[in-house]
Amino acid sequence: MILLISSKKDITTHIVIQWLKKYNADFLFIKTEDISSLNSFSIDNTSEKLTINNVDFSTINVVWHRRGRLKFLDSSTLNNRNLFLYLKREEDSVIKSLENFQRSTSKAYIGSYIKEVENFKLDHLILAKKCGFKIPKTLVTTSKKELLHFKLENKKIITKDLRYPVNVQITKDTYLSSKGTLLIDNSDIELLDDSFMPIFVQGYIDKLFEIRVFFYENTLFPMAIFSQEDEKTAIDYRNYNDEKPNRCVPFKLPNEVKNQILEFSKRSSINTGSIDLIYSSEEEFVFLEINPMGQLDWLSKNCNYYIEKEIATSLILKNA
Numbered sequence: 000m001i002l003l004i005s006s007k008k009d010i011t012t013h014i015v016i017q018w019l020k021k022y023n024a025d026f027l028f029i030k031t032e033d034i035s036s037l038n039s040f041s042i043d044n045t046s047e048k049l050t051i052n053n054v055d056f057s058t059i060n061v062v063w064h065r066r067g068r069l070k071f072l073d074s075s076t077l078n079n080r081n082l083f084l085y086l087k088r089e090e091d092s093v094i095k096s097l098e099n100f101q102r103s104t105s106k107a108y109i110g111s112y113i114k115e116v117e118n119f120k121l122d123h124l125i126l127a128k129k130c131g132f133k134i135p136k137t138l139v140t141t142s143k144k145e146l147l148h149f150k151l152e153n154k155k156i157i158t159k160d161l162r163y164p165v166n167v168q169i170t171k172d173t174y175l176s177s178k179g180t181l182l183i184d185n186s187d188i189e190l191l192d193d194s195f196m197p198i199f200v201q202g203y204i205d206k207l208f209e210i211r212v213f214f215y216e217n218t219l220f221p222m223a224i225f226s227q228e229d230e231k232t233a234i235d236y237r238n239y240n241d242e243k244p245n246r247c248v249p250f251k252l253p254n255e256v257k258n259q260i261l262e263f264s265k266r267s268s269i270n271t272g273s274i275d276l277i278y279s280s281e282e283e284f285v286f287l288e289i290n291p292m293g294q295l296d297w298l299s300k301n302c303n304y305y306i307e308k309e310i311a312t313s314l315i316l317k318n319a
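The numbers in numbering that gives the first Met the number 0 rise by one with no breaks, and the one at position 153 of the sequence shown is 152.
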């Protein structure tokens, strides 16, 4: 059987399911918004057995883990926030162990909740460099003096979230949220205290265009994004301009870059996701970051890649 773990709101998942149904595939879809029942995970000296929602997971041959994670804790039944946070941490530990167990027993396990939450940009930059990629000059600092020095050295610098987008409620009517990738100048830095929480900055690199590469195991689906001609998206195409979308076209990667991506995938143990690159004015491919989940709906449509069909077909073949 094929197991899909994803959000019920995820467009890509529903398109893959349509293809699985078309091919009469045997599959189970667990929605990450639903409360699942961990019937048992038994371990003794001779065997292990996992049963969730009355399904014996020894019957699961292939897992596609797309978005989020299983959920056993019903937060609506808890009034004490501190107790809920403690129980959620305990639950998270169980979820990660279950993923590791199922990964070791299935024929194939594509995607990963663990990799999704442990998406550490700094680790990935270091690994990308080891795989042969060029990377932007990067600084993480708590010092205003060091930040000013980095700005002086690089002329133009950008900042973005180090791991998660900011979305914090400050008061009843006030929210703090991040705005993606932004240029910062000396006037921004001067507003800071001499010491602050770690800030993530990079030297700005002039680009000719950006490249989004969705990869599924050893198959790459690259797309060029011509974001440089629009002031709103020039710094980062993800600062979307809905009124005037960027031109997006299929792109053929050089073999060297393909091999670097596959090497990165292998060494990071991330077997699916999206990698963002830029092609600089110096005619170099520069690694920016990876999203282990990877939005692919728009990429598939813009380039007529039919990625969802490819995924469904792959899952069926692995389940055979």
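Even glycine gets a Cβ: it sits at the ideal position worked out from N, Cα and C.
Since we're looking at a predicted model, the values are computed, not measured.
| Check | Outcome |
| --- | --- |
| Exposed unless 16 or more other CB atoms sit within 10 angstroms - verdict on Y108 | buried |
| Between the CA atoms of K48 and I34 - distance to the nearest angstrom | 20 Å |
| Per DSSP, cross-strand counterpart(s) of L49 | F40 |
| Extent of the continuous alpha helix (DSSP H) run through Y112 | 112 to 116 |
| Beta strand (DSSP E) runs contained entirely in the stretch 171 to 216, provided each spans 3 or more residues | 174 to 176, 181 to 183, 194 to 202, 206 to 215 |
| Below-8 Å beta-carbon distance, L69 vs any chain D residue | The structure shown contains no chain D; it is built from a single protein chain. |
| Close Cβ partners of S299 (< 7 Å) along its chain, the five nearest in sequence each way excluded | Y305, I306, E307 |
| Paired residues, beta bridge with I59 - DSSP | Note: I59 sits in no beta bridge, so no partner. |
| Three or more C-beta pairs below 8 Å linking the stretch 190 to 201 and the stretch 133 to 148 | yes |
| Identity of the residue in T11, N53, L151, F119 nearest N185 by Cα | L151 |
| Buried versus exposed call for P249 [16 or more other C-beta atoms within 10 Å across all chains shown] | exposed |
| Straight-line gap, D192 to T180 (C-alpha atoms, nearest Å) | 22 Å |
| Counted within 10 angstroms of its Cβ, other Cβ atoms place S226 as buried (16 or more) or exposed | buried |
| DSSP-derived helix/strand/coil call for Q17 | helix |
| Sub-8 Å separation of L219 and L182 beta-carbons | no |
| Presumed contact (8 Å Cβ cut-off) between K128 and L161, rounded CB distance | 18 Å between Cβ atoms; not a contact. |
| Through-space distance from N99 to S105, alpha-carbon basis | 10 Å |
| Member of I94, H148, P135, D43 whose CA lies at the smallest distance from the CA of I188 | H148 |
| Three-state class that DSSP yields for Y304 in the structure shown | coil |
| Cβ distance (whole Å) where Y278 is taken to contact I210 below 8 Å | 6 Å |
| From A223, L207, L126, F26, residue whose alpha carbon lies closest to that of E288 | L126 |
| Distance between F286 and N79 (C-alpha atoms, nearest Å) | 44 Å |
| Range of the contiguous alpha helix (DSSP H) that encloses T104 | 80 to 104 |
| Member of K136, N118, V93 whose CA lies at the smallest distance from the CA of I51 | V93 |
| K114 beta carbon near the ligand HEM (any heavy atom closer than 7 Å) | Absence of the ligand HEM from the depicted structure is noted, as is the absence of any ligand whatsoever, leaving it without description. |
| Beta-carbon proximity of E228 to N270, cut-off 8 Å | no |
| Assigned secondary structure, L295 (DSSP; H/G/I helix, E/B strand, else coil) | coil |
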